[in-house]
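Heads up: the structure comes next, in structure tokens.
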Amino acid sequence: MSEKEGFSAGLPSWIRQISFPKRVQRYLFGYAVFLFACWLTWFYYLQPAWAQERLYDASLAALNDKEQSFGANIRPVFTDMIHLKSLDWLEMSTVAKMISKLLDKVKFVKGKDHLILAGDMVSKGPDSRGVVDLAMELGADAVRGNWEDRTLLAYDSLVAKVHPLPGPQEDPNTKEDFLDEESFSHGDYKDRAMAKELDKRHIKWLQNCPVILKVGGISGFNGGSEIVVVHAGLAPGIDLDRQDPFLVMNMRSIDVMTRVPSEDRKGEPWEKLWNHHQSHTHPASQRQTVIYGHDSKTGLNIKKYSKGLDSGCVKGGELTAFVVDQNGKNKIVSVKCQKNK
Numbered sequence: 013m014s015e016k017e018g019f020s021a022g023l024p025s026w027i028r029q030i031s032f033p034k035r036v037q038r039y040l041f042g043y044a045v046f047l048f049a050c051w052l053t054w055f056y057y058l059q060p061a062w063a064q065e066r067l068y069d070a071s072l073a074a075l076n077d078k079e080q081s082f083g084a085n086i087r088p089v090f091t092d093m094i095h096l097k098s099l100d101w102l103e104m105s106t107v108a109k110m111i112s113k114l115l116d117k118v119k120f121v122k123g124k125d126h127l128i129l130a131g132d133m134v135s136k137g138p139d140s141r142g143v144v145d146l147a148m149e150l151g152a153d154a155v156r157g158n159w160e161d162r163t164l165l166a167y168d169s170l171v172a173k174v175h176p177l178p179g180p181q182e183d184p185n186t187k188e189d190f191l192d193e194e195s196f197s198h199g200d201y202k203d204r205a206m207a208k209e210l211d212k213r214h215i216k217w218l219q220n221c222p223v224i225l226k227v228g229g230i231s232g233f234n235g236g237s238e239i240v241v242v243h244a245g246l247a248p249g250i251d252l253d254r255q256d257p258f259l260v261m262n263m264r265s266i267d268v269m270t271r272v273p274s275e276d277r278k279g280e281p282w283e284k285l286w287n288h289h290q291s292h293t294h295p296a297s298q299r300q301t302v303i304y305g306h307d308s309k310t311g312l313n314i315k316k317y318s319k320g321l322d323s324g325c326v327k328g329g330e331l332t333a334f335v336v337d338q339n340g341k342n343k344i345v346s347v348k349c350q351k352n353k
């Protein structure tokens, strides 16, 4: 045995192990990869999620100040719309021009199954009359969305005894952005044309569509939570009968600290705050699952307590149904759509 070998033999085993450069390199490389993976996980996933959770918790704490929170003031009563309606258990879906094809795919049985439409029944496709006729024929229920609301407002102005002032000279086929979509700043010619296309029976059926449809609970569904159907969204922490109807038909985001909903996308997506609120403030049996449409830009958006079904059928995407059976089991069913020209 050489002098070097004899010296090495007298050293502790861990020192002898690190004296081999290749093994040291492998260990160091493995540790470096592990630490880098931990850093990436923290930086891109855990830290943002933790920060968001803290922000939502602060927002939830602000909601407890009833005198300062959105929805605390008295809401005016609108006599020309049904704000809230309750139903028994049902199956449900959203709507567009491919509704018949979708109903065939889910094996819909008239008289046994029940259909709920989440708005956008008119003005969003080439056959609004046909969609409303089909809904009426099937005995479907539906909620009032922003396009139904526009059409009904236009109808009211058409049958009003007073003569409206002439509007700006605008092409009724002009494509509008979301700001114009929710106001009549460029005239309501398109909505008046839609109102004129419908018969009185269509108008009456649409007028009976509530802004919020409370389906109730279905045994075995989502931990016992009840189902609520709206067109756009709900503000968390506010009773259904105190929700702002315009925002229920139009909201896309909520300011985190003021809790005020908006039809633009500058705040947090309303459904994120809704899911946080449901999971943090109510026992499972008292939670509410919202079924909605309206947001084709986001597309299909399925979360624990919110089910966004607008998957862009009019733009060539899909028409999607959320189907719930009598035992609470649920599934997503979609059909491909052709782009509406």
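In this note's numbering, the protein residues as written are 13 to 353. Think of the CB as a built atom: it goes at the ideal place given N, C-alpha and C, for glycine as much as any other residue.
Could you check what DSSP says for residue 220 in three-state terms: helix, strand or coil?
coil
With DSSP as the reference, please indicate the residues paired to residue 6 in a beta bridge.
Here the chain comprises residues numbered 13 to 353, so residue 6 is not present and cannot be evaluated.
Close Cβ partners of residue 290 (< 6 Å) along its chain, the five nearest in sequence each way excluded
299, 317
Just tell me which of 323, 296, 39 has its CA closest to the CA of residue 309.
323
Cβ separation of residue 223 and residue 257, assumed to be a contact under 8 Å, to the nearest whole Å:
4 Å
Let me check one thing: in DSSP terms, what residues is residue 330 bridge-paired to?
348
For the region 197-211 and the region 229-241, state whether three or more C-beta atom pairs, one from each stretch, are separated by less than 8 Å.
Short answer: they don't touch.
Find the nearest neighbour of residue 260 within the set 244, 137, 248, 270, judged by alpha-carbon distance.
For residue 260, the closest of 244, 137, 248, 270 by C-alpha to C-alpha distance is 244.
Buried or exposed: which applies to residue 227, given that a residue is buried once 16 or more other Cβ atoms fall within 10 Å of its Cβ?
buried
Quick check: what's the CA-CA separation for residue 152 versus residue 114?
Rounded to whole angstroms, the separation of the alpha carbons of residue 114 and residue 152 is 15 Å.
For residue 154, list the residues DSSP reports as bridge partners.
129
Here's the rule I'm using: 16 or more other beta-carbon atoms within 10 Å means buried, otherwise exposed. How should residue 271 be labelled?
buried
Looking at the structure shown, is residue 287 part of a helix, part of a strand, or coil, going by DSSP?
helix
Here's the rule: buried if 16 or more other CB atoms are within 10 angstroms of the residue's CB, otherwise exposed. What is residue 306?
buried
How far does the beta strand (DSSP E) with residue 319 in it extend, from its first residue to its last?
318-320
Looking only at C-alpha atoms, which of 263, 262, 279, 350 sits nearest to residue 269?
279
Chain C contact for residue 164 (CB, 8 Å cutoff):
The structure shown has no chain C; it contains just one protein chain.
Just mark residue 109 as buried or exposed, buried being the case when its beta carbon has 16 or more other beta carbons within 10 Å.
For residue 109, the predicted structure reports a pLDDT of 46, less than 50, and the residue's modelled location is therefore unreliable. The matter cannot be settled from this model.
Leaving aside the five residues before and after residue 350 along the sequence, list all residues of the same chain whose C-beta is less than 6 Å from its C-beta, in chain order.
Only residues of its own chain outside the window of five on either side were considered, and among them none has a CB closer than 6 Å to the CB of residue 350.
Closest by CA to residue 209, which one among 163, 217, 116, 344?
163
Measuring CA to CA, which of 239, 130, 40, 219 is closest to residue 331?
130
Hey, residue 275 and residue 262: beta-carbon distance below 8 Å or not?
yes
With a threshold of 16 other CB atoms inside 10 Å of the CB of residue 141, please say whether the residue is buried or exposed.
exposed
Taking all protein chains shown into account, decide if residue 119 is buried (16 or more other Cβ within 10 angstroms of its Cβ) or exposed.
exposed
Helix, strand or coil for residue 171 per DSSP?
helix
Report the three-state DSSP secondary structure of residue 225 (helix, strand or coil).
strand
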